[in-house]
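Structure representation (structure tokens):
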């Protein structure tokens with residue numbers, strides 16, 4: 001098979017960025033054999049250091065950066081603009097107010113003629129139209145499957161697998177932390193505060209989990225779906241949001257007795273409705289998935305209802321979505 | 332948007348072929364606007380007549396063919412070879428022993444330089460390797476999403492959305508008739524023969540439903556997944572098959588009491604295991620879907636388990652998968 005070299009940079013070397021580097025290392029041979037693509041990681045940037053090597057980074061250099069050793073005398077901007085490469089992977093933390101620093105990274109990379117693949121929700125939710133226009137102008141791709149639903153395919157599923165379908169609505173559980181909390185509360189008849197603390201102790205919820213439990217994270221993902229799939233021009237302020245903080249074990253028990261379960265559901269439809277709220281879901285509904293799973297039911301005009309379920313979180317899961325996006329550019 | 336004309340023929344004008352014609356009619360403007368493709372149906376062939384018009388068939392001509400009026404003095408072979416077009420849609424009935432007449436249609440179309448999109452399981456299960464080699468040699472695409480799971484995306488989901496993932500196994504309910512029968516038996520505590528008759532009366536089961544209830548249909552779909560996704564060279568004889576005819580209401584009740592439900596599960600894995608059999612599925616498992624729904628859980632090395640649920644049958648649903656395949660050729 002003829003091999004095409006694809007040079008990659010990773011900006012943001014936290015859990016997801018490290019997952020991407022690990023997946024590239026582990027899967028390099030597989031991808032060469034199956035897709036004719038020779039993946040070469042040529043640069044990594046994080047706050048404490050930037051490394052670059054146009055011949056491909058050594059394991060040693062990556063190991064040192066992982067260990068927190070300060071390295072390199074170039075900036076992340078230098079890496080994006082000066083080091084010749086094909087795809088910039090943006091995995092810095094999400095900021096839903098400003099989109100930064102991801103927004104600047106993405107604009108800089110597109111301006112420099114790089115394809116962009118990101119897990120960063122902020123820039124996509126805030127500036128979808130502007131960024132897509134820039135990508136189109138530059139003839140480059142901007143892909144963001146990892147920003148919604150982690151490893152669960154939804155953007156590519158709607159755009160490719162369901163191509164030609166009119167999309168009527170998308171409804172689902174897009175936050176694994178909330179799903180875990182509600183599932184445990186229902187199963188064990190425990191109060192919200194207790195389960196939240198437990199989730200924080202085992203690393204399923206962050207120390208500051210307000211963005212999850214207040215529904216903000218779900219709302220931002222809905223905005224991404226609204227703009228990228230429904231062609232809206234929505235922002236976070238267009239979403240009616242209610243979190244899970246006031247759900248009681250009593251409410252869950254009452255729902256259970258009536259054959260329902262309570263889930264934090266995000267709901268977007270072609271009429272412009274954008275809503276995040278706890279909802280009663282019939283137990284036999286495909287949306288009733290437990291633990292940290294994510295799920296989405298896509299209502300279409302031809303295929304009927306299509307439901308997809310997958311792991312919404314985890315570094316390798318997000319890296320998986322990024323990885324499929326990268327390969328998708330060259331398929 | 333620049334428009335590319337895509338000329339289409341449909342060979343086999345039963346429920347699915349008519350569904351495709353209907354979807355093309357209904358969606359022509361939508362597809363032109365969203366994908367820059369001008370779909371033009373230039374020929375339809377069935378046993379009782381063949382119509383063709385390089386400028387696009389009129390509604391009147393299609394209506395007459397639908398009404399069973401014998402028309403045209405060309406053969407389906409003439410249509411495939413002589414009438415200039417881009418995509419041949421093959422929707423004749425499945426024959427799992429010979430693959431005919433679909434096999435000949437597909438070979439003729441590829442030889443004539445047409446892309447092929449089909450819902451016909453026979454040719455794909457019997458001659459996958461030969462057909463893909465021929466398509467590659469001719470530089471044409473051969474797509475068959477509709478052959479497994481109807482409107483439920485699985486082939487494109489694995490190949491595109493999960494690109495780069497190693498696929499460990501696929502396990503699922505691939506026959507809506509069996510799922511309907513088992514669901515009704517469990518819900519109503521009714522014997523197999525009773526529910527089968529009911530399913531035949533309301534058109535969910537065919538008069539001769541042996542291929543469904545004996546597991547043959549599921550096995551053929553497994554062979555398609557084995558060859559197209561796992562790169563095997565399998566045939567129907569490699570599949571260990573057991574149907575649902577011996578499931579009793581008692582067995583379903585016992586399973587229910589233990590928190591399980593019985594489903595006809597098709598199972599293929601990268602180790603070469605190919606099996607169709609009734610299995611206990613935990614009630615909370617994503618594979619527990621009711622009615623005529625299809626479902627598949629794809630176990631991957633990066634994305635973890637991904638489950639997809641959708642309508643496995645119905646002319647518009649199969650047509651939907653064919654339609655997405657057609658558009659996918661030009662995306």
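Chains as they are written, first to last, in our numbering: chain A, 1 to 331; chain B, 332 to 662. Glycine included, each C-beta is placed from N, C-alpha and C at the ideal position.
Whole-angstrom distance between residue 397 of chain B and residue 25 of chain A, CA atom to CA atom: Taking the straight line joining both Cα atoms gives about 57 Å.
Measure the Cβ-Cβ separation of residue 569 of chain B and residue 153 of chain A and say whether it is below 8 Å. Taking 8 Å as the Cβ cut-off, residue 569 of chain B and residue 153 of chain A do not qualify as a contacting pair.
When the cut-off is 8 Å and only beta carbons count, does residue 613 of chain B lie next to chain A? No, residue 613 of chain B lies away from the interface with chain A (no Cβ there is under 8 Å from its Cβ).
Taking the C-alpha atoms as reference points, what is the distance between residue 33 of chain A and residue 243 of chain A? Each residue's alpha carbon lies about 46 Å from the other.
Note down, in chain order, all residues in the region 83–97 of chain A with a beta-carbon under 8 Å from any beta-carbon belonging to chain B. Against chain B - using a Cβ distance shorter than 8 Å - the region 83–97 of chain A contributes no residues.
How would you list, in chain order, the residues of chain B whose beta-carbon sits under 8 Å from the beta-carbon of residue 123 of chain A? Chain-order list of chain B residues neighbouring residue 123 of chain A: empty, with the shortest C-beta distance near 22 Å, by a criterion of under 8 Å.
Quick one: what does DSSP say residue 438 of chain B is sitting in, helix, strand or coil? DSSP places residue 438 of chain B in helix when its eight states are reduced to three.
So what does DSSP say about residue 35 of chain A, is it helix, strand or coil? The three-state reading of DSSP puts residue 35 of chain A in helix, counting H, G and I together.
Residues of chain B with CB closer than 8 Å to the CB of residue 30 of chain A, please, in chain order. Below the 8 Å Cβ cutoff, chain B contributes 495, 497 as neighbours of residue 30 of chain A, in chain order.
Mind checking if residue 655 of chain B is an interface residue toward chain A, Cβ cutoff 8 Å exclusive? By this cut-off, residue 655 of chain B is an interface position.
Which residue from B/463, B/646, B/550 puts its Cα closest to that of residue 608 of chain B? When each option's Cα is compared against that of residue 608 of chain B, the closest is B/550.
Taking 8 Å as the CB-CB limit, is residue 307 of chain A close to chain B? Closer than 8 Å: yes.
Taking Cβ positions, are residue 662 of chain B and residue 135 of chain A nearer each other than 8 Å? Cβ atoms of residue 662 of chain B and residue 135 of chain A: not closer than 8 Å.
Consider the Cβ of residue 240 of chain A: report whether some Cβ of chain B lies at a distance smaller than 8 Å. Not closer than 8 Å to any Cβ of chain B, the Cβ of residue 240 of chain A fails to qualify, so no.
What whole-angstrom Cβ distance do residue 444 of chain B and residue 471 of chain B have, given they're in contact under 8 Å? In this structure residue 444 of chain B touches residue 471 of chain B by the C-beta definition: roughly 7 Å separates them, less than 8 Å.
In this structure, does DSSP put residue 532 of chain B in helix, strand or coil? Secondary structure of residue 532 of chain B (DSSP, three-state): helix.
Along the beta strand (DSSP E) that carries residue 468 of chain B, what are the first and last residues, could you check? Per DSSP, residue 468 of chain B belongs to no beta strand (DSSP E); it is in the alpha helix (DSSP H), 452–469.
I'd like to know if the region 620–633 of chain B and the region 315–326 of chain A are in contact, where contact means that at least 3 CB-CB pairs between them fall below 8 Å. Short answer: they touch.
Over what stretch of residues does the beta strand (DSSP E) that includes residue 485 of chain B continue unbroken? No beta strand (DSSP E) holds residue 485 of chain B; DSSP gives it neither H nor E.
Decide if residue 589 of chain B is buried, meaning its Cβ has at least 16 other Cβ atoms within 10 Å, or exposed. The residue is exposed, with fewer than 16 neighbouring Cβ atoms inside 10 Å.
Can you give the beta carbon distance from residue 654 of chain B to residue 354 of chain B, rounded, assuming they're within the 8 Å contact cut? Yes, they are in contact, since the Cβ atoms of residue 654 of chain B and residue 354 of chain B sit about 5 Å apart, within 8 Å.
Three-state secondary structure (DSSP) at residue 207 of chain A? Correct three-state label for residue 207 of chain A: coil.
Express the C-alpha separation of residue 104 of chain A and residue 50 of chain A in angstroms, rounding to a whole number. One C-alpha to the other measures close to 17 Å.
C-beta atoms of residue 175 of chain A and residue 293 of chain A nearer than 8 Å: No, these two residues do not count as a Cβ contact at 8 Å.
Whole-angstrom C-beta distance between residue 613 of chain B and residue 638 of chain B, which should lie under 8 Å: Not really, about 13 Å apart at Cβ, beyond 8 Å.
What do you reckon, are the CB atoms on residue 626 of chain B and residue 503 of chain B nearer than 8 Å? Yes.
Residue from B/558, B/516, B/564 whose Cα sits closest to the Cα of residue 587 of chain B: When only C-alpha atoms are compared, the closest one is B/516.
Which of the three DSSP states is assigned to residue 431 of chain B in this structure? Of the three classes helix, strand and coil, the one that applies to residue 431 of chain B here is coil, per DSSP.
Three-state secondary structure (DSSP) of residue 358 of chain B: Note: residue 358 of chain B maps to helix in three-state DSSP.
Can you tell me the Cα-Cα spacing of residue 567 of chain B and residue 554 of chain B, whole angstroms? Cα to Cα, residue 567 of chain B sits roughly 6 Å from residue 554 of chain B.
Compare the C-beta of residue 482 of chain B against all C-beta atoms of chain A and say whether one is closer than 8 Å. Interface residue, yes.
Just how far apart, CA to CA, sit residue 89 of chain A and residue 16 of chain A? Per the coordinates, the alpha-carbon of residue 89 of chain A lies some 10 Å from the alpha-carbon of residue 16 of chain A.
Can you find a C-beta in chain B that's less than 8 Å from the C-beta of residue 327 of chain A? It does: the Cβ of residue 327 of chain A has a partner Cβ on chain B nearer than 8 Å.
CB contact below 8 Å: residue 117 of chain A versus chain B: At a cut-off of 8 Å between C-beta atoms, residue 117 of chain A does not count as an interface residue with respect to chain B.
Quick one: which chain A residues come within Cβ less than 7 Å of residue 617 of chain B? Under the 7 Å cutoff, chain A gives 289, 309.
Using 10 angstroms around the beta-carbon of residue 217 of chain A, count the other beta-carbons present and answer buried if the total reaches 16, otherwise exposed. Buried is the call here.
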